[in-house]
Structure formats: structure tokens, C-alpha cells
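Chemist: I'd like to ask some things about the structure below.
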Amino acid sequence: MGGSHRLCSQILGFIHALQFLCSITTVYGMVPQSPVECSSSGCILRNSYGAWGDRRDCSALNVTYPTTEEQLRSAVSYAVRNNLKVKVVTKFSHTIPKLACPQGSSRASAGATLLISTEKYDSGIEIDAANMAVTADAGVGLRQLIDAVETGGFSLVAAPYWEGVTVAGVISTGAHGSSWWGKGGSVHDHVLAITLVVPASRSEGYAKVLRLEAQDPMLNAAKLSLGVLGAISKVRVFSSFYSSF
């Protein structure tokens, strides 16, 4: 009897294991679609994940995708010259649409508006090992930056949990991690310098590049600007050595 009982238990265990294996399916992660979609009538900006209570779309007349600082300056210059309202958006827009909308409201029509996307402005990452710093283009993603500094034997001092943010986005919105080190737990606490593109006079070409260093009184405002002081072009941030155990 004991042998039969053990055999039945083994058979039942096998059946349960087989049922479990048959229920396993392959799950694939999906990159969200671009938050900006355009047609002949204009462009629509959406939140990539629809994570907010207010998910109404934002309308804009057009979008441009600079790949260099000069192209970013030219985009701002064009907007100033043509009296367009502008907002900068990223590859994975995680902001409430109305806050990233040039019109200031997702209810408003496209009007004279322009979106500047940093989706393709993401190729520049320079590691300064001597000064323990890294400089990155505005559109560089957080995961891309973490991987780059790691290859040089460094790590970021602070970072939020979600890796879809960009370098410019993470500091502009005050994104932070769950720990405190050195000057603070937010990424902007460890920013050393920012390059900003701002409107300018006609004689200056309607847009100019400002380079704000640590001693510049404007740096603190530019760090946490929510995108209203200009278009961030490059960010220089402190990094630290990491140890592998």
C-alpha cells in the first residue's frame, strides 16, 4: 500500500509539473511607440505609458529632431524668428501631455507651435576620468549613460528607478533615487555644468548657446528649470568610482 501511495504521489507531482510547464509562455518587453505622431494636419504628443489621470493629447503644428547642438540652436532660432511657442520633448515622454504642450494646455489647438524632440540628439557621451565627470547630450537615455560610465570604471552618484528618462529630463524634473549620497539624492544635485540654448536678439541670430559652470549663479535655476528657461543641450555630471566585490 505504501508503495502504491508513493507512486500515485509521484504521478500527481509529475502531472502538476507538466501542467505548470505547459502554462509558461514567453513574455517580450515592448519599447513604447514614439510619443509624437504627425500627419498632414499636424502633430500629436501623447504620454508613452498613459500613466497619468489627465491623458488628453497635445496638438502641435510641427516637430523637429536635431542631432547636434548647432541644429538645436537653429531650431530655437527658427521658432523665435517665426514667433512660435516651443516645448522640448524626449524619446519616451513620461510627462503629463499638457505640461509638455507648447500651448500650455492639451485642450488648445495647435496654433503657431513647435515641438523640439531630443530623440536623435543622443550620441555624445564624454567621460573625464581625471575629474570624475561625464558630459552627455541632452537626449542620452539614463540606461545608455549608466552603461557608458560603467565601461570607464565609474557609476552615477544618484539615479531614479525608471531608466526611460533622458539626461536633460532627469535633472529638469528633479528626478531622484531612494538614497542620499554627498550633495543629495537627486541627479541635479550632482550637476557640474549645463549647456543651454536660449532665445537671442536678431544680431545674435535669434538664438545663442550659454555654458553655465559651477560658479555661475544661473546654474541652480537651469538645473531644475522644468524646461522653461531654454533648451538643454549638454549636461556635465559628477560620477564616482565603483568597486566590484
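Heads up: the sequence shown is residues -29 to -1, 1 to 216, going by mature numbering (1 follows the signal peptide of the UniProt record, and there is no 0). For glycine and all other residues, C-beta sits at the position ideal for the given N, C-alpha and C.
Can you list, in chain order, the residues of its chain with a C-beta nearer than 6 Å to that of D160? Leave out the 5 residues immediately preceding and following it.
Modeler: Counted from its first residue, the sequence shown places residue 160 at position 189. Excluding sequence neighbours, D160 sits near K154.
Chemist: Who does H65 pair with in a DSSP beta bridge?
Modeler: Residue 65 sits at position 94 when you count from the first residue of the sequence shown. None, per the DSSP bridge assignment.
Chemist: Along the chain, where does the alpha helix (DSSP H) that runs through V190 open and close?
Modeler: Here the question's residue 190 lines up with position 219 in the sequence shown. This sequence places Leu at residue 190; Val is not what is there. L190 -> alpha helix (DSSP H) spans L190 to K194.
Chemist: Look at the alpha carbon of R182 and the alpha carbon of S204, and state the distance between them as a whole number of angstroms.
Modeler: Counting from 1 along the sequence shown, the entry for residue 182 is found at position 211. Counting from 1 along the sequence shown, the entry for residue 204 is found at position 233. One C-alpha to the other measures close to 10 Å.
Chemist: Go ahead and label S211 buried or exposed: buried means 16 or more other beta carbons lie within 10 angstroms of its beta carbon, across all protein chains shown.
Modeler: Here the question's residue 211 lines up with position 240 in the sequence shown. S211 comes out exposed.
Chemist: Give the DSSP-derived three-state secondary structure of R52 in the structure shown.
Modeler: One-based indexing of the sequence shown puts residue 52 at position 81. It is helical.
Chemist: So, helix, strand or coil for V158, using DSSP?
Modeler: The count along the sequence shown starts at 1 and reaches residue 158 at position 187. Looking at V158 - three-state DSSP - the assignment turns out to be helix.
Chemist: Rounding to the nearest angstrom, what Cα-Cα distance links A139 and I117 in this structure?
Modeler: Along the sequence shown, one-based indexing puts residue 139 at 168. Along the sequence shown, one-based indexing puts residue 117 at 146. When rounded, the distance between both Cα atoms is 14 Å.
Chemist: Kindly list the residues whose CB is nearer than 6 Å to the CB of I98, restricted to its own chain and excluding five residues on each side of it in sequence; keep chain order.
Modeler: Position 127 of the sequence shown holds residue 98. Taken in chain order, the residues that qualify are V105 and G123.
Chemist: Starting from V136 and walking both ways along the alpha helix (DSSP H), at which residues does that stretch end?
Modeler: For this step, residue 136 is matched to residue 165 along the sequence shown. Note, V136: premise wrong, no alpha helix (DSSP H); not H, not E.
Chemist: May I ask which residues mark the beginning and end of the alpha helix (DSSP H) holding L197?
Modeler: Working through the sequence shown from its first residue, we reach residue 197 at position 226. No alpha helix (DSSP H) contains L197, which DSSP labels as neither H nor E.
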